[in-house]
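Trainee: Under numbering that gives the first Met the number 0, the sequence shown is numbered contiguously, ending at residue 96.
Beta carbons are placed, not taken as given, at the ideal position from N, Cα and C, and that holds for glycine.
No experiment lies behind these values; they were computed from the predicted model shown.
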Amino acid sequence: MAAKDDRQDTMLFSPPAPESPARAVLLAVGAALEERGYDPVDQLVGYLLSGDPTYITSYGNARSLIRGLGREELLEEIVRGYLAAVKGGHGGGKAGD
0 MAAKDDRQDT MLFSPPAPES PARAVLLAVG AALEERGYDP VDQLVGYLLS
50 GDPTYITSYG NARSLIRGLG REELLEEIVR GYLAAVKGGH GGGKAGD
């Protein structure tokens, strides 16, 4: 029986997915809100529901960053991240709520 030559197999390279702009903005805005003593979840929910940018601090250019994206883009990223976490078993204990 002939030994299989592994060098003949085609290798599949999957580069890491680039970080989405929405994810980068959410992380930066969340960090700025925390640094200023705000609860990022409460403030982001307020902004996403109302569209009122005053829910977001201007500290660290956070308000300008978040206004550079549509709320729909931010929601898509949040849902995408949530579903990935639940699928991966990292739902933070809230998946069944």
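#1: Throw me the rounded Cβ distance for the L25 and A61 pair, which I believe falls under 8 Å.
#2: Counting beta carbon pairs with one atom in the segment 80-87 and one in the segment 37-52, are three or more of them shorter than 8 Å?
#3: Do you know whose CA, among L11, E18, P20 and R35, lies nearest G59's CA?
#4: Let's test the definition: count the other Cβ atoms within 10 Å of the Cβ of Q42 and tell me whether it reaches 16, buried, or not, exposed.
#5: Looking only at C-alpha atoms, which of P20, T9, D8 and D38 sits nearest to T56?
Mentor: Walking through what the data contain:
#1: Taking the Cβ atoms as the reference, L25 lies roughly 10 Å from A61, outside the contact range of under 8 Å.
#2: no
#3: R35
#4: Buried, because 16 or more other Cβ atoms sit within 10 Å of the Cβ of Q42.
#5: D38
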